Amino acid sequence: MRYKHFFTKTLRAAPKDETARGAQYLMRAGYVYKELAGVYDYLPLGLRVIENIKQIVREELDKIGSQELLMSTLQNPEPWQKTDRWDIEKMDIWFRTTLAAGGELGLAPTHEEPLTNLMKTYISSYKDLPAYPYQFQTKFRNELRAKSGIMRTREFIMKDLYSFSLDRESHQKFYDEVAEAYKKIYIRLGIGDDTYQTFASGGVFCKYSHEFQTITEVGEDLIWFNEDKSVVLNDEVLNDEVLKDLGVKREELKSAKAAEVGNIFTLGTKYSGAIGLEYDTKDGKKEPVFMGSYGIGVSRLMGVIAEKMCDDKGLVWPEHLAPYKYYLMGIGDEGMQKAEELYAGHEETVLIDDRAEVHPGEKFADADLLGMPYRVVISENSLKEDSVEVTDRKTGETKLIKTADFAKELA
RNA sequence: CGGGGCGUAGCACAGUUGGUAGCGCGCGGCGUUUGGGACGCCGAGGUCGCAGGUUCAAGUCCUGUCGCCCCGACCA
403 MRYKHFFTKT
413 LRAAPKDETA
423 RGAQYLMRAG
433 YVYKELAGVY
443 DYLPLGLRVI
453 ENIKQIVREE
463 LDKIGSQELL
473 MSTLQNPEPW
483 QKTDRWDIEK
493 MDIWFRTTLA
503 AGGELGLAPT
513 HEEPLTNLMK
523 TYISSYKDLP
533 AYPYQFQTKF
543 RNELRAKSGI
553 MRTREFIMKD
563 LYSFSLDRES
573 HQKFYDEVAE
583 AYKKIYIRLG
593 IGDDTYQTFA
603 SGGVFCKYSH
613 EFQTITEVGE
623 DLIWFNEDKS
633 VVLNDEVLND
643 EVLKDLGVKR
653 EELKSAKAAE
663 VGNIFTLGTK
673 YSGAIGLEYD
683 TKDGKKEPVF
693 MGSYGIGVSR
703 LMGVIAEKMC
713 DDKGLVWPEH
723 LAPYKYYLMG
733 IGDEGMQKAE
743 ELYAGHEETV
753 LIDDRAEVHP
763 GEKFADADLL
773 GMPYRVVISE
783 NSLKEDSVEV
793 TDRKTGETKL
803 IKTADFAKEL
813 A
């Protein structure tokens, strides 16, 4: 990509709307644009990060037999009425809209109801189970208060996976597989060390659900953990019964602020029962399908990662999430020309700063702000050594690499 | 939804007792510059969130409304 082709530009001053450092950088660097409180646009750079996150999630979910689909945003009230979640008293985060011909529709806050309803067409026998559909979809939640930049928004991109199983046992097996897949995802996203599977409040069919919480100062949640972090729980379930259950004492727990980056939930037959999703067993009986749901907030993850990884100069993307791997710049006519030669054919991985009139200092500042993993500088100095200068954005370490070797690395 | 703060140029801000709106960054032009956000000169850009009201006169005072930020509550 050529810097000159960006229609976005970096801003020196952070928009006053944002207080979280990561969110300020995302806006200053042109990754996102704010439309309203809790409503953001993903600009080309931000979209590439989003797509990179999605791809990692997609790969891990496909490995455990899940299948991607894309459901509608406009939702029919009918299945929601059957589960008693259409009522604004019961679900206060609904956005509603009306049909020109009259009648009301909802804007998807989640998809248990429509998907359960949809599955009635495809599941009628034990032979049809299990099914594990998932999607990356835009959700709408009318939060009373949006906050923390893109961490808590009214419109957001979510990966939601749903499981349809024969019974509790087969459900539990898949549930555990999802938990393992999530752990791999967070490791690949670069936040594995600070992300914990926590005990959270359950529901009708299960004592606990699990959340995945990433420790960060800008998190909205409080988590508690024991010495070796083998037991981690949410503040909401910190009570005597739970402590006894998990075999830990309150005094030995420490707390930290964290952001929820995923959750997995046993739904049981709550929705299938209400909506009438049943299957025929081998011996001809009717049984409700046993369900689970599993979410990952993709756009929130970008916010969490931006926040966790940034420093006082700007964003610091892990290699697999960065919009581009290299920020390439030449100094002086000769350096710029050499940079162009190296750039040719590597438009997907290299961002070349081809602005001739901009001083190197400004390019360095922009390179730091944008946060590509490696900054590559070609100058008179490096050319003397027949090398390029590669600086690791994270560590700040710089080394000279022979130009020919770097060309090979690119290829 | 309770409490607090705030809407003035693309961004960040100033604007005194009410008297025809300003600085910085960014943007356009010319020139000088090019290893950590350069410099000089010239220039463009605003119905002061919106709607009423008070007044000879409103960015400034009053009422309403929309929006934004923070704390709290809320978040299967």
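Position in the first sequence (from 1) plus 402 gives the number in my numbering.
Where a beta carbon is used, it is the ideal one built from N, C-alpha and C, also for glycine.
Nothing here was measured: the structure is a model prediction, and the numbers come from that model.
- Shortest Cα-Cα distance from Asn783 to any of Ala660, Arg556, Thr805 involves Thr805.
- In the three-state scheme derived from DSSP, where H, G and I count as helix and E and B as strand, Tyr584 is classed as helix.
- Linking Asp630 to Lys656 through their CA atoms gives a straight-line distance of about 11 Å.
- About 7 Å separates the beta carbons of Gly694 and Ile666, which is inside the 8 Å limit, making them a contact pair.
- A Cβ-Cβ separation of about 4 Å places Phe601 in contact with Leu635 under the 8 Å criterion.
- The C-beta distance from Leu463 to Ala581 rounds to 12 Å, too long to fall under 8 Å, and the pair is not in contact.
- Looking at Lys786, Met738, His761, the one whose alpha-carbon comes closest to that of Arg404 is Met738.
- Comparing alpha carbon positions, the residue from Leu679, Phe808, Glu743, Leu744 closest to Glu514 is Leu679.
- Within the DSSP secondary-structure output, Arg554 pairs in a beta bridge with Lys549.
- Counting only the Cα atoms, Ala724 lies some 13 Å from Ile458.
- Between Val792 and Lys786 a beta carbon distance of about 16 Å is seen, past the 8 Å cut, so the two are scored as non-contacting.
- For the pair Lys411 and Leu771, the Cα-to-Cα distance works out to about 11 Å.
- Scanning Lys796, Tyr681, Met473, Gly664 for the CA closest to the CA of Lys522 turns up Tyr681.
- Between Tyr776 and the set Glu811, Asp443, Pro516, the nearest pair of CA atoms involves Glu811.
- Pairing Asp713 with Ala425, the inter-Cα distance amounts to about 12 Å.
- Closest in alpha carbon position to Asn454, among Glu750, Glu759, Ile733, Val779, is Glu750.
- Collapsing the DSSP output to three states places Ser474 in coil.
- Looking from the CA of Lys727, the closest CA among Ala758, Met560, Val718, Tyr610 belongs to Val718.
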